[in-house]
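**Student:**
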């Protein structure tokens, strides 16, 4: 495998840092190639602004159009071009981050906002009576796998089916489906550690064992069965799931899983 | 009303900029006080790091504990303290931003990550057999109302009950419930504009009319009926909704709405 690890935590001696280091050593020992984007160490620029699209920015900045024009012209900034190149190189992308306020830290959101430019991650493909672009299962990053490895402060029941935070799979849906599956990646079930702030050094060996196990079985792990947009399951252009395709009782985000 | 508008768009002449300006003028003309946090204009620091918690940061940075210690000591950075003061001053908080990758832009997430410190927005209140802190309907920001005003690139059916993006109310749940209701704010139904990139100047008068209407009726608008955490609806400490409280067929995020 060629694995890119995108890592977002400000403290290298954190649990997230340890999990990132363990992924690097485990995968390399198993003979895989690994590259790491350590966003804090890179001092990653988190905020989209017109300096991202000069000299192709409109007088009145239009983020989508201008990022697409800069992408087409090859004038996106070097940091963004380097990340796009890493994504093209990789066959597997691991995201290691703490869940802050039920989603990714700002620095990682800023990586998505800037790297996933128009014409790279969206605005790709043909729009017709039977296709609505290359999106949700097709696109620039098709053929690649993605995996979220996240730590959460709350305990597991809080993120369970009836838990007050909402089920973890639904909290992660906007990332797993909306960000990763959108440009074509297959998304593996996430690796989630709960109660992260209460874990102690004594807990770490079991955590390391579980994470190592996931890392060494990535190639045989079944991805989440999201429905491909242009497979015939959706009306075009409304992109509403056709009636009757879902198991009874399935609603909302759950509709977009195949049986 | 005392309204704080938190605004996150890099282009002042954008639709988001126009909606922010319209909110300021409409509310002031109606006799209300308005303050604006224009995050791009403020060059808001989006990324949490140890400079946020000096001199109270641990040798090994712990974001939650260290932000709480700095909050208690009054040593959070001046930009964060100013935002916390604005939130205490306000009775209504409007967030104006474009939906980028199904959630807020990085600069706004970084406002949440830094301003919503431990002991301010979380880690507040008593933990006992009947209470699990002041959270989800109680907390530092109780008594205040919050409203999201967002623009989305996709068209409305894409965000409908069967739409491929997921229903808008569920995409916004991690923000509305997880970020705003968590420290106690009552959340009003969002103001959402779809197909934002395809809107033209001819569409603007109707948009402005609808937004003005929402702004002038904020005080009489019913908030989203999220269930208060310590109301008796949840088991403590698992925070699972007690069996049988929900209307039949309601699952996932929808469980956390009262009838």
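Residue numbers (the numbering used here), protein chains in the order written: chain H, 1 to 259; chain B, 1001 to 1259. Cβ coordinates follow ideal geometry from the N, Cα and C atoms, glycine included. Predicted model, so just to flag it, every value in this text is computed and none were measured.
1. Across which residues does DSSP place residue 100 of chain H in a beta bridge pair?
2. Give the straight-line distance between the Cα atoms of residue 111 of chain H and residue 1104 of chain B, rounded to the nearest whole angstrom.
3. Looking only at its chain, what residues have a beta carbon closer than 6 Å to the beta carbon of residue 40 of chain H, apart from the 5 residues adjacent to it on each side?
4. Quick one: Cα of residue 195 of chain H to Cα of residue 1108 of chain B, how far?
5. Can you find a C-beta in chain H that's less than 8 Å from the C-beta of residue 1071 of chain B?
6. Which stretch, first to last residue, makes up the alpha helix (DSSP H) that contains residue 1028 of chain B?
7. Identify whether residue 1208 of chain B lies in helix, strand or coil by the three-state DSSP scheme.
8. Return no unless some Cβ of chain B is closer than 8 Å to the Cβ of residue 228 of chain H.
9. For residue 197 of chain H, which three-state DSSP category applies?
10. Out of B/1046, B/1047, B/1066 and B/1117, which one is the CA nearest neighbour of residue 1054 of chain B?
11. Bridge partners of residue 1240 of chain B, per DSSP?
12. Should residue 202 of chain H be flagged as near chain B, meaning a C-beta pair shorter than 8 Å?
13. Could you give the residue range of the alpha helix (DSSP H) that holds residue 83 of chain H?
14. Taking residue 132 of chain H and residue 181 of chain H to be in contact with their CB atoms under 8 Å, please state how far apart those CB atoms are, rounded to whole angstroms.
15. Is the Cβ of residue 30 of chain H closer than 8 Å to any Cβ of chain B?
16. Which first and last residues belong to the beta strand (DSSP E) in which residue 66 of chain H is found?
17. Given a threshold of 16 other Cβ atoms within 10 Å of its Cβ, counted over all protein chains shown, does residue 163 of chain H qualify as buried or as exposed?
18. Taking residue 1004 of chain B as part of the alpha helix (DSSP H), name the residues at either end of that continuous run.
19. Straight-line CA distance for residue 183 of chain H to residue 134 of chain H?
20. Measure the Cβ-Cβ separation of residue 17 of chain H and residue 1064 of chain B and say whether it is below 8 Å.
21. Identify each residue in the segment 42-54 of chain H for which the Cβ-Cβ distance to at least one residue of chain B is less than 7 Å, and report them in chain order.
22. Cβ closer than 9 Å: which chain B residues qualify as neighbours of residue 40 of chain H?
23. So, helix, strand or coil for residue 1035 of chain B, using DSSP?
24. If I follow the unbroken alpha helix (DSSP H) through residue 1171 of chain B, where does it start and stop?
25. Taking 8 Å as the CB-CB cut-off, is residue 1013 of chain B touching chain H?
26. Tell me, please, whether the CB atom of residue 1162 of chain B is closer than 8 Å to any CB atom in chain H?
27. Going by the CB atoms, is the gap between residue 6 of chain H and residue 1046 of chain B shorter than 8 Å?
28. Throw me the rounded Cβ distance for the residue 1118 of chain B and residue 1071 of chain B pair, which I believe falls under 8 Å.
29. For residue 149 of chain H, count neighbouring Cβ atoms within 10 angstroms of its own Cβ and tell me buried if that reaches 16, exposed if not.
30. If you measure from the beta carbon of residue 1210 of chain B to each beta carbon in chain H, is any gap under 8 Å?
31. Ends of the beta strand (DSSP E) at residue 151 of chain H?
32. Does the distance from the CB of residue 224 of chain H to the CB of residue 189 of chain H come in under 8 Å?
33. Measuring CA to CA, which of B/1015, B/1221 and B/1158 is closest to residue 1096 of chain B?
34. Report the partner residues of residue 1217 of chain B according to the DSSP bridge assignment.
35. Which word fits residue 13 of chain H, buried or exposed, when buried means at least 16 other C-beta atoms lie within 10 angstroms of its C-beta?
36. Could you compute how far the alpha carbon of residue 1151 of chain B sits from the alpha carbon of residue 1246 of chain B?
**Tutor:** In terms of the structure at hand:
1. H/103
2. Residue 1104 of chain B has its alpha-carbon roughly 13 Å from the corresponding atom of residue 111 of chain H.
3. 10
4. 26 Å
5. No - not a single Cβ of chain H is within 8 Å of the one on residue 1071 of chain B.
6. 1015-1029
7. helix
8. So, not an interface residue.
9. helix
10. B/1066
11. H/163
12. no
13. 78-89
14. Their Cβ separation, rounded to whole angstroms, is 14 Å, which puts residue 132 of chain H and residue 181 of chain H out of contact at 8 Å.
15. no
16. From DSSP, residue 66 of chain H is part of no beta strand (DSSP E) but of the alpha helix (DSSP H) over 63-73.
17. buried
18. Boundaries for residue 1004 of chain B: no alpha helix (DSSP H) harbours it, while the beta strand (DSSP E) harbouring it runs 1002-1007, taken from the DSSP string.
19. 7 Å
20. no
21. 46, 47, 48, 49 and 50
22. Neighbours of residue 40 of chain H on chain B, chain order: 1047 and 1049.
23. Three-state DSSP puts residue 1035 of chain B in a strand.
24. Element bounds for residue 1171 of chain B: 1168-1171.
25. yes
26. yes
27. no
28. 7 Å
29. buried
30. So, not an interface residue.
31. From DSSP, the beta strand (DSSP E) with residue 151 of chain H extends over 145-151.
32. yes
33. B/1015
34. Per DSSP, none; premise fails for residue 1217 of chain B.
35. exposed
36. 31 Å
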